[in-house]
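Residue numbers (full-length UniProt numbering): 1 to 994. Just below is one structure, and these are the notes that go with it.
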């Protein structure tokens with residue numbers, strides 16, 4: 001026997017073997033359809049008996065294996081069911097001859113046979129025959145199962161008669177010597193009358209009767225006969241048959257201990273007690289055998305009184321003894337070269353029993369022995385089958401890596417050089433089945449969790465073999481997917497040279513079949529998930545960037561609370577109601593604007609030892625319609641953290657979530673989701689997109705400032721300008737505003753704020769008239785509007801209380817008024833006042849003071865205006881003020897009229913230019929650089945009591961110091977309007993001052 005049955009298990013010893021084969025031309029699908037129905041009759045309850053007959057069906061069985069039927073009766077073909085088609089009566093004789101020819105193949109061992117004829121109708125089909133059944137078609141054969149049950153019962157009758165015939169002790173009859181095929185030539189010429197020979201004959205026959213009892217459903221009788229056979233055969237050192245007797249003893253014991261079977265098949269045998277009322281029912285679950293004492297044996301196997309013996313297993317081996325006897329039997333089989341198949345099958349049976357007993361290490365010893373059993377010259381198909389079964393058995397006992405090893409050997413055998421047409425598809429399928437054993441899966445997500453599992457070197461080799469098998473199958477898409485998987489999951493274990501080789505191979509494959517994110521479905525239904533390159537490049541952080549200062553949207557304060565919802569009735573709660581693990585989903589505290597370019601910054605680095613080119617890198621978003629603007633980048637070899645900015649434009653309003661990014665590397669398109677990148681740091685990936693707003697571009701008639709202003713509040717400026725003026729000079733600043741967006745500009749508000757508060761200003765520093773600009777609104781995209789802003793720098797020279805009192809009294813002179821700086825006047829007490837000379841005045845006053853202010857432009861329009869959003873532009877204005885005309889001494893003289901007085905002013909020109917000074921009703925006074933002259937002005941006396949006083953309510957709650965400053969400022973403005981002092985630089989007549 002050279003062809004092993006790797007599916008054998010211990011309980012097969014109690015089955016009878018029936019072969020089902022087609023005769024003539026039978027469609028394959030129809031044959032297997034009938035075969036499946038026939039094979040469903042696997043257990044039959046025999047009438048008038050409490051016994052079950054188990055049937056094992058095969059559609060192909062080697063005749064040479066049938067020759068071992070005397071050695072183990074379950075290997076003997078005792079039944080034949082032939083399936084044939086016959087269309088007419090003319091074909092019937094030929095069909096009948098074929099059936100008889102088929103019977104002759106197994107004729108020596110057959111108990112009975114049946115022929116199922118499909119398609120024949122008429123006189124022949126109407127004849128009543130027990131060995132044939134006629135059906136009009138394959139669809140009209142309702143009683144096939146019933147015919148098979150009757151057939152099985154006829155087999156049982158023959159089996160029972162043979163058992164009774166062999167079991168009956170006929171004294172005086174010579175017991176024949178049962179032999180296996182290779183023994184017959186060895187027994188020629190032996191002395192058949194010797195005691196040794198007779199014991200051999202008795203032992204073998206006793207073992208044979210035990211097999212028949214086991215098949216006939218008499219478990220206890222079988223155990224008794226096996227025990228007796230073991231003793232007889234051991235005494236004559238008949239090792240081959242001794243091994244068979246021990247194996248029979250093991251099989252009977254296994255059937256008792258494990259009534260559900262050891263094969264692991266679905267729908268295994270279920271023990272039950274056959275009742276007399278159910279004797280006529282067919283193919284019921286297996287019955288619990290009645291175990292009796294050896295002394296109670298009768299011809300039919302049932303004791304006259306079995307009540308005290310039911311449930312006893314006196315001759316049954318214990319689970320531990322079963323394995324020991326298997327070892328002994330296999331050792332005996334190993335003595336015979338021609339018994340290799342028997343030895344191999346015994347190992348397989350023992351492994352299945354050990355698997356149920358959960359004794360994996362002992363099972364592995366049996367399997368290791370099975371690996372080295374030499375079966376002679378096996379075909380490639382037989383080798384593949386052998387390695388595949390070894391793999392399944394190792395899997396059965398939990399040796400997953402060992403199982404994967406033999407499965408891979410079977411895969412390599414499919415494409416052995418000796419095979420004329422290598423089976424690459426079978427090789428690929430087997431390789432896929434090895435993946436779990438090597439801790440590999442086809443889902444890259446399984447490699448993002450914790451440390452790497454398995455042997456990386458073996459895993460990489462297996463992946464390379466999958467790539468090669470895919471290519472030989474003619475499926476480059478599979479090759480790309482497996483090679484991408486190798487590069488993504490095994491990157492840390494690849495050497496620099498291997499990285500270059502793998503990427504070169506990948507580029508070669510993707511030039512013919514680009515890789516994508518689609519799921520690949522194999523013919524057998526297995527799905528290969530996509531493999532995004534999340535490590536090429538590696539992203540360490542993702543940060544959503546705010547819009548530039550000039551484009552950031554602001555909410556009108558009165559509308560801030562309209563869309564706010566509160567989850568708690570309390571104004572403040574110390575309990576933070578959020579999940580720390582949901583950082584990516586939290587909303588960021590700034591907004592993006594519909595239609596404006598938005599930016600996301602990624603910190604990436606290249607782990608490869610060569611330059612990495614990333615093409616078509618863009619953002620993956622959800623929530624609103626988003627137009628991603630892809631970028632291409634080239635990262636140097638093993639670069640450090642490298643900032644990459646990805647941009648896009650939201651086309652609708654709402655909440656947008658940045659889910660990840662997409663890339664194209666080595667011809668493979670990848671969608672990399674942040675949820676699958678646990679190591680990425682992010683401060684949030686959800687941001688609100690407000691409706692579209694207009695965009696203004698600001699330009700001015702003055703040059704930009706070289707030194708940017710630093711507002712105290714920390715806000716950023718859109719732009720800044722600088723100008724240099726003399727004290728008292730006025731400058732026009734022309735601001736041009738252009739609508740460079742796509743929305744209408746509907747509203748514009750302009751405000752100013754002085755930044756440098758140390759210097760005291762009088763009058764308006766910045767002034768403008770917005771009415772003319774607003775008359776052109778709404779401003780369409782591309783249109784321009786201008787706004788003129790007047791910059792005035794005025795220092796107060798008459799706003800101090802002492803001087804005002806002197807001007808209000810008659811005949812009191814002022815000795816002097818020292819000015820400490822061009823922008824700030826410090827009036828010292830009169831006792832310390834001294835005249836200031838021209839030289840000292842020049843040295844003290846000739847330095848520049850800086851004045852800074854911010855112009856804010858608040859504008860809105862479009863859909864954003866409806867929702868209460870606006871934008872701001874901030875223009876910084878820096879003015880460097882130089883001193884011009886200073887009054888170094890002020891005094892008064894009485895005039896001819898009591899209502900008037902003469903104001904004497906010592907005027908000092910602190911500039912480097914010649915200038916003229918004029919006042920109301922006075923001649924111009926010409927002053928050269930650094931020259932000081934006295935100027936007399938006749939003025940009406942001032943009546944400060946006529947100035948309006950603050951209301952009583954405000955005077956009651958206001959700061960007295962603030963009230964005093966306001967009073968002085970009002971009095972100073974009154975003096976300025978009365979005097980009307982002006983100065984003009986002669987060489988720059990367009991630079992007037994006052």
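Glycine included, C-beta positions come from ideal geometry on N, C-alpha and C.
*beta strand (DSSP E) segment containing residue 983, residue limits*: 982-985
Nearest neighbour of residue 611, chosen from 56, 937, 690, 536 [CA to CA]: 536
query = Where residue 293 and residue 249 are concerned, what is the direct C-alpha to C-alpha distance, given to the nearest angstrom?
reply = Note that residue 293 has pLDDT 39, beneath the 50 cutoff, so the model's placement of it is unreliable and the number below is only indicative. Rounded to the nearest angstrom, the two C-alpha atoms are 16 Å apart.
Query raised in the report: When the Cα atoms are used, what is the spatial distance from residue 286 to residue 96?
Result: Unreliable placement is indicated for residue 286, whose pLDDT of 33 sits below 50; the coordinate value is still reported in the next sentence. Between residue 286 and residue 96, the C-alpha separation is close to 36 Å.
> If you draw a straight line from the alpha carbon of residue 47 to that of residue 157, how long is it in whole angstroms?
Replying inline: 11 Å
inquiry  = Just verifying my parser: in three-state terms, what is the DSSP assignment at residue 631?
reply    = strand
Quick one, are the C-beta atoms of residue 789 and residue 733 less than 9 Å apart? yes
- prompt: Under a Cβ-count criterion, where at least 16 other Cβ atoms within 10 Å of its own Cβ denotes burial, should residue 372 be classed as buried or exposed?
  reply: exposed
**Study point:** 4 or more residues per run - each alpha helix (DSSP H) lying fully within the segment 838-917
**Key:** 838-845, 862-866
Is it a yes or a no for the segment 675-685 touching the segment 632-648, going by three-plus beta-carbon pairs under 8 Å?
-> no
By Cβ distance below 8 Å, which residues in the same chain neighbour residue 395 in space, the five residues on each side in sequence not counted?
-> 403, 437
Q. If you draw a straight line from the alpha carbon of residue 6 to that of residue 14, how long is it in whole angstroms?
A. 17 Å
Which residues in the same chain have their Cβ closer than 6 Å to the Cβ of residue 858, if we skip the five residues on either side of it in sequence? 749, 870, 872
>> Once the 5 residues before and after residue 721 are set aside, which same chain residues still bring their CB inside 8 Å of it?
In response: 700, 702, 703, 704, 705, 733, 875, 876, 877, 878
(Q) Quick check on residue 606: does DSSP put it in helix, strand or coil? (A) coil
query = In or out: residue 100 buried (at least 16 other Cβ within 10 Å) or exposed?
reply = exposed
**Item:** residue 402, enclosing alpha helix (DSSP H) - first and last residue
**Value:** 400-414
Alpha carbon to alpha carbon, how far is residue 663 from residue 738?
38 Å
key: Reduced DSSP secondary structure (H/G/I, E/B, other) of residue 359   = coil
Where residue 289 and residue 224 are concerned, what is the direct C-alpha to C-alpha distance, given to the nearest angstrom? Only weak support exists for where residue 289 lies, its pLDDT of 34 falling under 50; the coordinates are left without a value.
* Status (buried if at least 16 other CB within 10 Å, exposed otherwise) for residue 361 -> exposed
- Task: In the DSSP assignment, find the unbroken beta strand (DSSP E) run with residue 86 in it and report its ends.
- Result: That residue, residue 86, is in no beta strand (DSSP E); it is neither H nor E in DSSP.
Tell me, please, whether the segment 326-339 touches the segment 240-248 by the rule of three or more beta-carbon pairs shorter than 8 Å.
yes
Kindly give me the distance between the Cβ atoms of residue 38 and residue 105, rounded to whole angstroms, as I take these residues to be in contact under 8 Å. Contact doesn't hold; Cβ gap of about 19 Å is too wide.
Worksheet item: By how many angstroms is the C-alpha of residue 177 removed from the C-alpha of residue 183?
Response: 11 Å
Between the CA atoms of residue 589 and residue 675 - distance to the nearest angstrom: 22 Å
Own chain residues within Cβ distance below 6 Å of residue 326, not counting five before or after:
250, 350
Name the one or two DSSP bridge partners that residue 940 has.
900
Check: Per DSSP, which one or two residues make a beta bridge with residue 650?
Finding: 626
query = Which stretch, first to last residue, makes up the beta strand (DSSP E) that contains residue 789?
reply = 784-792
Contact between the segment 345-359 and the segment 253-267 is defined here as three or more beta-carbon pairs at a separation below 8 Å; is this criterion met? yes
Can you name the residues that DSSP bridges to residue 598?
-> 648
Which word fits residue 12, buried or exposed, when buried means at least 16 other C-beta atoms lie within 10 angstroms of its C-beta? buried
Self-check item: Close Cβ partners of residue 454 (< 6 Å) along its chain, the five nearest in sequence each way excluded
Solution: 438, 439
(Q) Contact between the segment 540-550 and the segment 587-607 is defined here as three or more beta-carbon pairs at a separation below 8 Å; is this criterion met? (A) yes
inquiry  = Applying the 10 Å Cβ sphere with the 16-neighbour rule, what's the burial state of residue 911?
reply    = buried
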